Amino acid sequence: MIFQLPSYKVYLSLERGLSKHTVKAYINDISKLFSYLSNSENTEISYDNITDKHLIQFLAAINELGIEASSQARMVSGIKSYFQFLVLSNYLEEDPTILLESPRLKRKLPETLSLHEIDKIMEIIDLSTPEGIRNKAMIELLYGCGLRVTELCELKISNVYTDVEFIKIIGKGNKERLVPIGTSALKHLTIYLNERRKIVAANGFSDFVFLNRFKKSLSRISVFNFVKELALKAGIQKNISPHTFRHSFATHLIEGGADLYAVQEMLGHSSITTTEIYTHLDRDYLKSVVLQYHPRS
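What follows is the structure in structure tokens.
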């Protein structure tokens with residue numbers, strides 16, 4: 001195959017350890033690159049005859065389409081990774097992406113919820129139904145452990161250690177991390193697990209913590225919809241998603257004085273620079289820190 005995409009996919013999954021969502025995005029971007037170049041050149045393009053001019057032409061085209069800078073940056077990252085793979089695998093001698101630059105990104109602060117808003121959402125959940133008990137445990141874990149939505153959906157009973165108050169998370173790139181469970185999250189997770197053990201799951205789903213009405217694992221989209229519905233019922237106007245609870249978890253920890261490296265470990269970030277975005281603390285808090293700890297204050 002002229003694209004070598006199957007081999008590239010294996011490389012991304014096994015050697016780079018990227019998540020299946022990232023792998024899919026990279027593969028799609030490379031396919032778009034070849035499709036665009038083949039159409040614009042009126043001939044089939046192979047990896048071994050692409051030049052830096054071709055790549056610049058493609059990036060200019062997607063920029064004209066109004067694609068967001070973050071998506072363009074991901075495309076550049078995927079293209080660079082693809083040609084690096086071809087060089088490493090001896091399919092190419094030279095990498096045409098060496099001089100390729102990503103668009104500069106504005107560092108966007110994540111949307112977060114206040115403690116009052118978190119409480120409003122927690123209170124709106126109806127605990128009189130089995131579904132409500134499950135949903136309460138889900139929200140408590142999203143906020144109390146800073147989980148990604150995929151990590152929540154794929155959480156296994158065998159990775160929940162209520163006796164020592166930890167859960168084992170399989171994060172991006174299949175990286176494992178241990179995350180402590182707070183008192184409230186542990187309480188509602190324990191209540192739900194007592195109910196969960198009465199449910200006979202569908203084949204292949206017996207170890208999943210959270211199940212849908214078909215006794216299978218929850219989908220990411222169902223959690224997204226559930227969170228949107230909760231926010232609406234609680235009267236919260238912000239555009240929130242399951243990830244908003246993860247942002248709030250990190251922000252509230254840092255505002256409370258938590259060590260940045262400890263937060264990095266709990267979030268499963270490979271780089272501390274990713275965690276640093278949560279240091280957008282309010283001025284009053286920063287001022288109080290200076291007044292309390294600076295020797296000349």
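full-length UniProt numbering numbers the first residue of the sequence shown as 1 and each following residue consecutively. Where a beta carbon is used, it is the ideal one built from N, C-alpha and C, also for glycine. Computed from a prediction, not measured in an experiment: that's the story for all the values here.
Could you round the C-beta distance between residue i and residue j to whole angstroms and report it? I think they count as a contact, below 8 Å.
{"i": "Phe265", "j": "Arg177", "result": "One detail in the question is off: residue 265 reads as Glu in this sequence, not Phe. With a Cβ gap of about 7 Å, Glu265 and Arg177 count as contacting."}
{"i": "Phe210", "j": "Ser217", "result": "7 Å"}
{"i": "Val227", "j": "Ser248", "result": "At roughly 12 Å, the Cβ-Cβ gap does not stay under 8 Å, so Val227 and Ser248 are not in contact."}
{"i": "Val149", "j": "Val223", "result": "5 Å"}
{"i": "Glu195", "j": "Ile181", "result": "Rounded, the Cβ-Cβ distance is 18 Å, inconsistent with contact."}
{"i": "Glu68", "j": "Asn239", "result": "Wrong, their Cβ atoms sit about 16 Å apart, outside the cutoff."}
{"i": "Lys168", "j": "Asn174", "result": "In fact, because the Cβ distance is near 12 Å, the residues do not count as touching under 8 Å."}
{"i": "Ala137", "j": "His188", "result": "5 Å"}
{"i": "Leu186", "j": "Thr162", "result": "6 Å"}
{"i": "Gly146", "j": "Ala250", "result": "6 Å"}
{"i": "Leu260", "j": "Ile272", "result": "7 Å"}
{"i": "Ser89", "j": "Ser7", "result": "7 Å"}
Taking a contact to mean a Cβ-Cβ separation below 9 Å, would you say residue i touches residue j in this structure?
{"i": "Thr51", "j": "Ile79", "result": "no"}
{"i": "Phe245", "j": "Leu155", "result": "no"}
{"i": "Leu86", "j": "Leu92", "result": "yes"}
{"i": "Lys233", "j": "Thr22", "result": "no"}
{"i": "Gly132", "j": "Ser184", "result": "no"}
{"i": "Ser77", "j": "Tyr26", "result": "yes"}
{"i": "Leu5", "j": "Ser31", "result": "yes"}
{"i": "Tyr82", "j": "Tyr47", "result": "yes"}
{"i": "Ile121", "j": "Ile236", "result": "yes"}
{"i": "residue 302", "j": "Ile157", "result": "Because the chain is modelled from 1 through 297, residue 302 falls outside the range shown and cannot be assessed."}
Taking the alpha helix (DSSP H) that residue i falls in, what are its first and last residues?
{"i": "Tyr261", "result": "260-267"}
{"i": "Ile254", "result": "242-255"}
{"i": "Thr112", "result": "First-last for Thr112: undefined, no H or E at that position."}
{"i": "Asn125", "result": "At residue 125 the sequence reads Ile, which differs from the Asn that was named. Unbroken run through Ile125: none, as it is neither H nor E."}
{"i": "residue 298", "result": "The first residue shown for the chain is 1 and the last is 297, placing residue 298 beyond what the model contains."}
Which partner residues of residue i appear in the DSSP bridge assignment?
{"i": "Ser217", "result": "Leu211"}
**Message:** Please give me, in chain order, every unbroken run of the beta strand (DSSP E) with length at least 3 that falls completely inside the segment 134-214.
**Reply:** 166-170, 176-180
**Request:** Starting from the N-terminal side, write out each stretch of the alpha helix (DSSP H) that is 4 residues or longer and does not extend beyond the UniProt domain "Core-binding (CB)" (1-87).
**Result:** 5-10, 20-41, 52-64
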